[in-house]
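The structure appears right after this line, and notes come after that.
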Amino acid sequence: MNVSLLLIILLVGAFATYFAGDKLASKVALLFSLVALGISIALLNAYNSGENISFFKFWINKPVVSFSLTADGLSLIMLLLTSSLTPLIIYSSFGNEYKNAKSFYALILFMSFAMTGTFLASDGLLYYIFWELALIPIYFIALIWGNGDVEERKKAVVKFFIYTLAGSLFMLIAFVYLYQKAGSFLLQDLYQAELSQMEQFWIFWAFFLAYAIKIPIIPFHTWQAKVYQKAPTVGTMLLSGIMLKMGLYSVLRWQLPITPIASKTYLPILIGLGIAGVIYGSIVALRQKDLKKLLAYSSLAHVGLIAAGCYTLNIDGLRGAVLQMISHGFVVVGLFFAAEIIYRRFDTRVIAEMGGIRSQAPKFASLFMILVLASVALPTTFNFVGEFTVLYSLYQINVWFAVLGGTTIILGAYYMLKMYQQVMLGETNTKVFADVTFHETFVLVIIIAVIFFFGMYPRPINELITPSLDQILRTLYKIQ
Amino acid sequence: MNTNLALLLLLAPFLGFLFNIFFGKKIGKSASGIIGTLTVAVSFVATLVFFLQINETKEAVQIDLFNWIRTHNFRVNFGFLLDQLSILWLLFVTGIGSLIHLYSISYMHDDENMHKFFAYLNLFIFFMITLVIGSNLLVLFIGWEGVGLCSYLLIGFWHKNQEYNDAAKKAFIMNRIGDLGLLIGIFIIGSLFSTLDYTTLKTAIATSGNLDITMISIAAFALFIGACGKSAQIPLYTWLPDAMAGPTPVSALIHAATMVTAGIFMITRLNYVFDLAPEVQNIIAIVGAVTSLVAATIALVQTDIKKVLAYSTVSQLGLMFLALGFGAYEIAVFHVITHAFFKACLFLGSGSVIHALHGEQDMRRMGGLKKVMGITFITFLLSSLAISGIPPFSGFFSKDEILMTAYHNNIALWVIASLASLMTAFYMFRLLYLTFFKEFRGTEHQKSHLHESPGLITFPLIVLAILATIGGLISLPTNSWLNGYLAPLFSKEAHEAHHFGTTEYALMAVAVLGGIIGITIAFVKYIKQNQVPAEDAEITGFSKVLYNKYYVDEIYNVIFVNSINSLSGFFRDYIETSLSAVVFGLGKVTNELSYQGKKLQTGSIGFYLFVFVLGLSAILTYLFLAQ
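Protein chains in written order, with the UniProt record's numbering: chain A, 1 to 480; chain B, 1 to 627.
Now the structure itself:
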């Protein structure tokens, strides 16, 4: 058994969904995404028992490109994130009606396929293909099934598409250059490539443009809020829950080990940018009028801290960053789902039109509150584990990094509690708000269970990812 | 056996929380209240067992359950440390907690969400136990943030009122400013000693040859910032008076007796760290003394019965920090305990009054209640005497020790603290006279409904009043059980018992005299001269400044809240749009280039030939020159 099975299932699933027709599409998609989850878990077991689950096949002779998929602990955790969030996201959409549902759900599976490929590919060109492939489905999902004025939506989504595509082109150039030097696109060959300091700097920044736009790191974030707002909630979830982790994952997998000297040189600048994102995102979030935009800026703040963790180049930073990637994935999907639940009832995302929901929907109020608390990293929630570790890693670089990055615990509490107060509390709303349905509760409860379980017991994840991260650091510091 | 008992102690209130959240509404109000109370009582009984055990064995019990968080140089276990300090704290947390739960069964009976109230109260006890029982700083941090959460939930319990919600939010955010300090302190300790475990840390410090005193001092200072947030010291105290928006049992339990003492617990727990940082200890003493005086002056003129008690709490906490600053940890702990007794009693007593007056909290609309509310009045009187430091009530002993320590260390701080104590006696008896003496000043409707509160309310009052009266027995000046009990915690020989000479007796006399003066002034003003505090509009001069709490809230609003909100608006409206424009600008450049490039494609063969020849000659010239 190897990882290619997962890709095959997702691709087959995408086609099967399309041919199942609009009525059955959502159920077929859910079924295939659950099978993919099962396969991921089986792969994890195989990996843990020492089985080789990687896949290798020559693909193109000139230039030498191979279909090379490698799974280590880091890739596996990203696979598990993707394949557990995908069914959850699909299931969460069951309360909505989509026209042309067969294409919609097929695109979700196709996106899951491309992202899974990105997390697995260990050949530069193959990786690049998956990376760009993931952009296509989300482009259509946001454009066709999004909300708000069509022209405005088109503007936002096209901007997003061209912007990220342009960033990725620099990465492609970097790969072409690396191929010249190393004679191969294979990751381990690229790690070995002898690059001068100058070459490293150019390649580093080429990668950086692609990743900074995708993650996004400020000031490259301008596409984010509008797209999060305009895309259908399913699309926003896919983007924020999984897709932006492609950028963070790639920093760890590709950028840092290929250009170690540049990484060390620019460490303070990049940590600074990450932390600036934390503070800037938090402050902008404070006075957003649209709930989804507010959550988008909150996401900007959170990924800023994750990026800062990645660039500390120490094990705590890397481990904390990966833990936070996973926890952020679940929490942000939960939060956007909460926004969707409100939208289903009030038909609005404008915060000023909400309020007084708690007295009508106590169950929803409690579930939403827990998500808010998870987002502000209350200890025993998953976010705390990652945030604590990242802040500790920042402290090891410089105490002021930890203090400035740590403002997230104050600012985060400020904008989240303010939002919760405006959305949920106050005099009972004049509009009727029905409490959560069974199906909505189910989605939220699963997310909350994950948040608390790994908040108290992150050890399995730590054990899975630590060897891979150690390996990355060894490559980085040229220790055999 | 120990592990199971400790788990029972910790989890009983948590099960109560879960039960009340899921089934509280179905089983009815009384049943939900009784279950909530019983689960805390179970914890109390478990604590008693541990208390008896440690009195016998003198051995701390450490239980490590599982590995929680790891970093490159330390691992944090989810574990418990049951030693003299944590057991003592648990005794009054669960003991007073049980009484206040009992009280709430009656007090909250008319609230439609009573089961939620009990759920949150149980959850609070659970987190408070976690805070106290944890074997390392990170488990303490779970409890630390957890009690902050419960405080938030309970202050904003009546969530339809946005003012209450604001108060709740303020409490949470201000606490988090302190929490960042605590977290930084934890980082420094973790990186210096590769452990967050109290026992290991203590050994590491005791055995280490060269300690980095500068870093340890910074750590101590950062930890102290955390303590300032939770224990409402300057500059992070303004959330506590606002926290009175919550139901009164919450004020008694969380915002007087237990949670706000967490900062004192943490500093006492880490006494071996703070002992290494004398400069920080000085800061603690000064902040404590100043806080006690500032809060006392504000309390002089407040008219809301709960606000007076709230500022009084801030002031008393200041005195505890004063003691901590002098390294007199056992004295601070002593005052924590006596304060928990009398302040819980006072808050619950004020609740009883508010209950009788259907929600009235303004003392200008009270008066004459001693005739109808005999039990409330007597318990309130006993506790007021205790807080005013009148012998032989409990507060006398603990406050006297603090003042004595201050006198021996720093005369200026002794003067400040003594002034604060004098004021305490004044404002407490002002409160007592305005509430219980003279004629009733409320509405006729209220007057006809005046009544003593039911047994569920008066019983906890009686128990607490008794404790407030005799609580001093645990640490008599010449024979202190408490100091002996706590001795194993402190590296230094616990403060050498003051040999009682003339100085000590003189100091005692001065302190008592101060209390009597305060009471007398109050008596003259409010009984003899029959004064009633002026209405809001009529307050002038310095009283107005005091009444408005030195305008600190307003100043904070301008400096912090408004500026961050303006910044947010500026970022949203200008920076975001400009950044966006830059990206679009790049797109426009491309468009423009293509538009200009398009002009070259004229379709005229002549033009193409011309350019071709031009290019060719350029290349040839280059090749020629290159040779």
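Note that the Cβ used here is the ideal one computed from N, Cα and C, for glycine as well.
Within the same chain, Cβ atoms closer than 6 Å to the Cβ of F364 (chain A) are found at D435, V436, the five residues on either side in sequence being excluded. When the beta-carbon positions are compared, E452 (chain B) and V372 (chain B) come within less than 8 Å of each other. Under the criterion of beta carbons closer than 8 Å, L107 (chain A) and I162 (chain A) do not qualify as touching, at roughly 19 Å.
For I472 (chain A), no beta strand (DSSP E) encloses it; the enclosing alpha helix (DSSP H) starts and ends at 459-476. In this structure the region 362-371 of chain B touches the region 421-438 of chain B; the number of beta carbon pairs closer than 8 Å is three or more. For the pair F337 (chain A) and V443 (chain A), the CB atoms are nearer than the 8 Å cut-off. The continuous alpha helix (DSSP H) containing R430 (chain B) extends over residues 411-436. For D64 (chain B), the enclosing beta strand (DSSP E) stretches over residues 61-70. Here DSSP, grouped into helix, strand and coil, assigns K599 (chain B) to helix. Excluding residues up to 5 positions away in sequence, V28 lie with their Cβ nearer than 6 Å to the Cβ of A20 (chain A) in the same chain. The beta carbons of K154 (chain A) and Y228 (chain A) sit about 16 Å from each other, so the pair does not count as a contact at 8 Å. Taking a C-beta cut-off of 8 Å against chain B, none of the residues of the region 430-448 of chain A qualify. R287 (chain A): not part of any beta strand (DSSP E); DSSP gives it neither H nor E. Inclusion of A12 (chain B) and S32 (chain B) in the CB contact set at 8 Å is not warranted, their separation being larger than that value.
Beta-bridge partners of N77 (chain B) (DSSP): B:N67. For L165 (chain A), the enclosing alpha helix (DSSP H) covers residues 150-182. Residue contact check for A413 (chain A) against chain B: a CB pair falls below 8 Å. Along the region 134-151 of chain A, none of the residues has a CB nearer than 9 Å to a CB of chain B. Counting along the chain, the unbroken alpha helix (DSSP H) around S40 (chain A) starts and ends at 4-48.
Looking from the CA of A534 (chain B), the closest CA among B:S543, B:I527, B:K528 belongs to B:S543.
Within chain B, the residues K160, N161, Q162 have their CB atoms less than 9 Å from the CB of E427 (chain A), given in chain order. Interface flag for M456 (chain A) against chain B is set, since a Cβ pair is found closer than 8 Å.
Using a Cβ distance threshold of 8 Å, G518 (chain B) and F429 (chain B) count as a contacting pair. By the criterion of at least three beta-carbon pairs nearer than 8 Å, the region 242-259 of chain B is not in contact with the region 271-284 of chain B.
The secondary-structure analysis by DSSP pairs A121 (chain A) across a beta bridge with A:L69. Apart from sequence neighbours up to five positions away, the residues of its chain that approach S298 (chain A) with a beta-carbon distance below 6 Å are A285, ordered along the chain. Annotation for F56 (chain A): the continuous beta strand (DSSP E) segment containing it runs 55-60. In this structure the region 323-335 of chain A touches the region 75-86 of chain A; the number of beta carbon pairs closer than 8 Å is three or more.
Its chain contains A46, V49, F50 as the residues whose beta carbon lies nearer than 8 Å to that of L5 (chain B), once the 5 sequence neighbours on both sides are disregarded; these appear in chain order.
Within chain B, the residues I69 have their CB atoms less than 7 Å from the CB of F388 (chain A), given in chain order. Take the alpha-carbon of V157 (chain A) and the one of L123 (chain B): they are about 46 Å apart. In the pairwise beta carbon analysis, the region 335-354 of chain A is classified as not touching the region 301-310 of chain A: fewer than three pairs are separated by under 8 Å.
Within the model, the alpha-carbon separation for F119 (chain A) versus Y211 (chain A) is close to 14 Å. G134 (chain B) sits in a strand when the DSSP states are folded into three classes.
Between I203 (chain A) and L195 (chain A), the gap from beta carbon to beta carbon is short of 8 Å. Contact between the region 328-339 of chain B and the region 382-399 of chain B is present: 3 or more CB-CB pairs across the two stretches fall below 8 Å.
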